[in-house]
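Enquirer:
Okay, structure coming up:
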């Protein structure tokens with residue numbers, strides 16, 4: 284489990300074959316755009332499926348769904364339900 288956003292850097296480096304020393308390096312516009320170009324539509328579809336599974340498992344586990352400023356999430360396994368918006372956009376575009 285990742286307990287702080289700084290820990291995501293090792294996963295970003297591994298997944299996208301990068302070698303960012305600091306999270307701020309990844310966040311530089313050129314670096315971020317380079318990583319984004321490596322993500323395919325199929326990757327996005329798989330991520331949507333994974334997000335739905337996480338949300339279903341959280342619900343089945345009886346976790347409490349919190350809401351803050353219109354965003355719903357589980358504290359134990361955070362998710363901002365971004366996948367719902369992305370899925371809707373892909374459906375509207377005829378890509379799903």
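In the working numbering, the protein residues as written are 284 to 379.
We put the CB at the ideal spot given by N, CA and C, even for glycine.
(1) Under 8 Å between the Cβ atoms of residue 363 and residue 370?
(2) By Cβ distance, which residues of its chain are closer than 6 Å to residue 355, with the 5 residues on each side in sequence left out?
(3) Is it a yes or a no for the region 315 to 325 touching the region 290 to 305, going by three-plus beta-carbon pairs under 8 Å?
(4) Can you tell me which of the three DSSP states residue 367 falls into?
(5) State the Cα-Cα distance for the pair residue 302 and residue 332, rounded to the nearest angstrom.
(6) Between the C-alpha atoms of residue 314 and residue 304, what's the straight-line distance to the nearest angstrom?
(7) So residue 359 packs on residue 346, CB below 8 Å; how close in whole Å?
(8) Helix, strand or coil, according to DSSP, for residue 309 in the structure here?
(9) State buried or exposed for residue 372, treating a residue as buried only when at least 16 other CB atoms are found within 10 Å of its CB.
Expert: Reading off the structure:
(1) As a first step, residue 363 is located in the chain shown; it is residue number 80 there, counting from the start. As a first step, residue 370 is located in the chain shown; it is residue number 87 there, counting from the start. In this structure, residue 370 does not lie closer than 8 Å to residue 363 by Cβ.
(2) Taking the first residue of the chain shown as 1, we reach residue 355 at position 72. Excluding sequence neighbours, residue 355 sits near 348 and 364.
(3) yes
(4) If you number the chain shown from 1, residue 367 lands on position 84. Residue 367 falls in the helix class under three-state DSSP.
(5) Here the question's residue 302 lines up with position 19 in the chain shown. Here the question's residue 332 lines up with position 49 in the chain shown. Whole-angstrom Cα-Cα distance: 28 Å.
(6) In the chain shown, residue 314 corresponds to position 31, counting from 1. In the chain shown, residue 304 corresponds to position 21, counting from 1. Between residue 314 and residue 304, the C-alpha separation is close to 12 Å.
(7) Taking the first residue of the chain shown as position 1, residue 359 is located at position 76. Taking the first residue of the chain shown as position 1, residue 346 is located at position 63. Contact flag correct, Cβ pair sits at about 5 Å.
(8) Position 26 of the chain shown, counted from the first residue, corresponds to residue 309. Of the three classes helix, strand and coil, the one that applies to residue 309 here is helix, per DSSP.
(9) If you number the chain shown from 1, residue 372 lands on position 89. Exposed, by the Cβ-count rule.
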